[in-house]
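Quick notes on the structure that follows.
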Amino acid sequence: MAVAGTLLAPPMAKAGESATDKLGSILPLRPLGNTGVNVTCLGLGGYHIGWPEDEAVAQATIEKALEVGVRFFDTAESYGKGRSEERYGKYLTPKYRDRIFLMTKTQARNAGSAKAHLEGSLKRLKTDVIDLWQIHSLENPEDADARLTEGVLDVAIKAREEGKVKHIGFTGHASPYAHTRMLENETVRKNCVTCQFPVNPVDAAAKHSFIGTTMPKMVENNIAVLAMKSLADGRFFATKTMNGKVTWTDKNPVIPDALSVEACIHFTLSMPVSVLITGAETPELIEEKASMVNRFAALSETARKELVEKAARFAEEGKVEYYKNEELRSGSKKEG
511 MAVAGTLLAP
521 PMAKAGESAT
531 DKLGSILPLR
541 PLGNTGVNVT
551 CLGLGGYHIG
561 WPEDEAVAQA
571 TIEKALEVGV
581 RFFDTAESYG
591 KGRSEERYGK
601 YLTPKYRDRI
611 FLMTKTQARN
621 AGSAKAHLEG
631 SLKRLKTDVI
641 DLWQIHSLEN
651 PEDADARLTE
661 GVLDVAIKAR
671 EEGKVKHIGF
681 TGHASPYAHT
691 RMLENETVRK
701 NCVTCQFPVN
711 PVDAAAKHSF
721 IGTTMPKMVE
731 NNIAVLAMKS
741 LADGRFFATK
751 TMNGKVTWTD
761 KNPVIPDALS
771 VEACIHFTLS
781 MPVSVLITGA
791 ETPELIEEKA
801 SMVNRFAALS
811 ETARKELVEK
821 AARFAEEGKV
831 EYYKNEELRS
841 GSKKEG
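The numbering used here puts the first residue of the sequence shown at 511, with every later residue one more than the last.
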């Protein structure tokens, strides 16, 4: 069972640093790697912002996130075929751009597509600069190699030089080895400051674990960890609707007879992550998760291992982490 038990949560922002801004109180801050930037430890996931059919619900969710102290906002050009970015461009950046940290992503496989994605993102988001632009959804080591060869990172570096992007990173949920392959490239090590991947107790118990494989490498290279899928993309809930959207079945949904939502959020925040990016498609959901963050106290190594042990059988079944590469789950993929 892979458990990064000796890794601890990073420190909050320096003592005495303001925990408020002109919008009100903000959630606890953590350093974004070695960038010199502090970000709220909870971020709003843009994938869910593209879900509501009612524009008013999306707007209310964004505004509630700001109200409860979230200042990190995630999205991607592919989310809702651009609808997520468009909604940020309508309801977030016009009034709050100077108060937030804005991140978007590109799934481009070549330089031409990356350039087009960037220009589209800037237009939809109604901003001149993106705080963090990430190479999105790496599938495996070969995919990482191909995107580098096809110039996607080169486009990101040029965009940073032109002032369109402040920071660069990469993401993925299918294979921890895609991320470690990226670090074999010197240009990646010199230019990428963030890496986004799943962080939850089921992953920690899995054979092919991001926590056990990817996280130590990122910490070693001073690359900030952005946590996603802290609830395994909703697989910690009793039910999900047919279109993949989460259905809450009670006040504290769990992996059946195993883990609570709050325990999983606290587990993730007890790891060396800069921000936990959470999905929330209603104001109530982001408010509830922010309240869980406000109750956070770092879990001991023993407490984390206990949660991993409770989740171990779900890792063995391979149904919770459906988003990992099928070859990894079947054991046929080489571990490097």
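The beta carbon of each residue, even a glycine, is placed where N, CA and C say it ideally should be. Nothing here was measured: the structure is a model prediction, and the numbers come from that model.
Exercise. What do you get for GLY858, buried or exposed, if any count of 16 or more other CB atoms within 10 angstroms of its CB means buried?
Worked result: Nothing about residue 858 can be reported from this structure: the residues present for the chain run from 511 to 846 only.
For this session: Within its chain, find whatever has a CB closer than 7 Å to the CB of ARG593; leave out the 5 residues flanking it on each side and keep chain order.
Result: Counting from 1 along the sequence shown, the entry for residue 593 is found at position 83. Only GLY560 meet the Cβ criterion.
For this session: Using a threshold of 7 Å, state whether the C-beta atoms of TYR598 and LEU635 are closer than that.
Result: Against the sequence shown, residue 598 aligns to sequence position 88. Against the sequence shown, residue 635 aligns to sequence position 125. Yes, the Cβ-Cβ distance between TYR598 and LEU635 is below 7 Å.
Exercise. Grouping DSSP H, G and I as helix and E and B as strand, with all else coil, what is ASP713?
Worked result: Here residue 713 refers to the residue found at position 203 when the sequence shown is read from its first residue. In the structure shown, ASP713 sits in a helix (DSSP, three-state: H, G or I).
Exercise. Exposed or buried, what is ARG691 when buried is set at 16 or more other beta-carbons lying within 10 Å of its beta-carbon?
Worked result: Residue numbering aside, residue 691 sits at position 181 when the sequence shown is read from its first letter. Buried: at least 16 other Cβ atoms inside 10 Å.
Problem set entry | Short Cβ contact (7 Å threshold) for GLY556 with ASP531 | Translated into the one-based positions of the sequence shown, residue 556 becomes position 46. Translated into the one-based positions of the sequence shown, residue 531 becomes position 21. In this structure, ASP531 does not lie closer than 7 Å to GLY556 by Cβ.
Problem set entry | Nearest residue (CA-CA) to GLU672, options ALA813, ILE640, TYR601 | Indexing the sequence shown from 1 puts residue 672 at position 162. Among ALA813, ILE640, TYR601, the Cα nearest to that of GLU672 is on ILE640.
For this session: Helix, strand or coil for LYS615, going by three-state DSSP, please let me know.
Result: Taking the first residue of the sequence shown as position 1, residue 615 is located at position 105. Strand, per DSSP.
Exercise. Which class does ARG805 belong to by DSSP, given the choice of helix, strand or coil?
Worked result: If you number the sequence shown from 1, residue 805 lands on position 295. ARG805: coil per DSSP, three-state reduction.
Exercise. If we ignore side chains and look at the alpha-carbon of each, how far apart do VAL729 and LYS676 end up?
Worked result: Counting from one through the sequence shown, the residue named residue 729 turns up at place 219. Counting from one through the sequence shown, the residue named residue 676 turns up at place 166. Taking the straight line from one Cα to the other gives about 21 Å.
Exercise. Do three or more CB pairs link the segment 811–831 to the segment 782–801 at distances below 8 Å?
Worked result: no
Exercise. Taking the Cβ atom as the reference point for each residue, do THR704 and GLY679 lie within a distance shorter than 7 Å?
Worked result: The residue you call residue 704 lines up with position 194 of the sequence shown. The residue you call residue 679 lines up with position 169 of the sequence shown. For THR704 and GLY679, yes; Cβs fall inside 7 Å.
For this session: Go ahead and label GLY534 buried or exposed: buried means 16 or more other beta carbons lie within 10 angstroms of its beta carbon, across all protein chains shown.
Result: Taking the sequence shown and counting its residues from 1, one reaches residue 534 at position 24. Answer is exposed; the Cβ neighbour count stays below 16.
Exercise. Which residues mark the beginning and the end of the alpha helix (DSSP H) in which VAL665 is found?
Worked result: Translated into positions along the sequence shown, residue 665 becomes position 155. That run of the alpha helix (DSSP H) goes 662–671.
For this session: Please report the residue range of the alpha helix (DSSP H) in which VAL580 lies.
Result: Position 70 of the sequence shown, counted from the start, is the residue given in the question as residue 580. Here VAL580 belongs to no alpha helix (DSSP H), and DSSP marks it neither H nor E.
For this session: Give me whichever residues DSSP pairs with VAL729 in a beta bridge.
Result: The residue labelled residue 729 in the question sits at position 219 within the sequence shown. VAL729 has no beta-bridge partner at all, per DSSP.
For this session: Taking SER780 as the reference, give the member of GLU791, ARG814, ARG805, VAL771 with the closest Cα.
Result: Looking up residue 780 in the sequence shown gives position 270. Looking at the Cα atoms, ARG814 is the closest of the given residues.
Problem set entry | Beta-carbon proximity list for ILE572, same chain, < 6 Å, skipping 5 on both sides | To locate residue 572, count along the sequence shown from 1; it is residue 62. If we look at ILE572 and ignore the five residues flanking it on each side, its Cβ neighbours are TYR601, LEU602.
Exercise. Which residue comes first and which comes last in the alpha helix (DSSP H) that contains ALA737?
Worked result: On the sequence shown, position 227 is the one that residue 737 refers to. Looking at the DSSP string, ALA737 is not in any alpha helix (DSSP H); the run it does join, the beta strand (DSSP E), is 734–738.
Problem set entry | Opening and closing residue of the alpha helix (DSSP H) in which ARG787 lies | On the sequence shown, position 277 is the one that residue 787 refers to. Residue identity differs from the one stated: residue 787 is Ile in this sequence, not Arg. First-last for ILE787: 785–789, but that is the beta strand (DSSP E), not the alpha helix (DSSP H).
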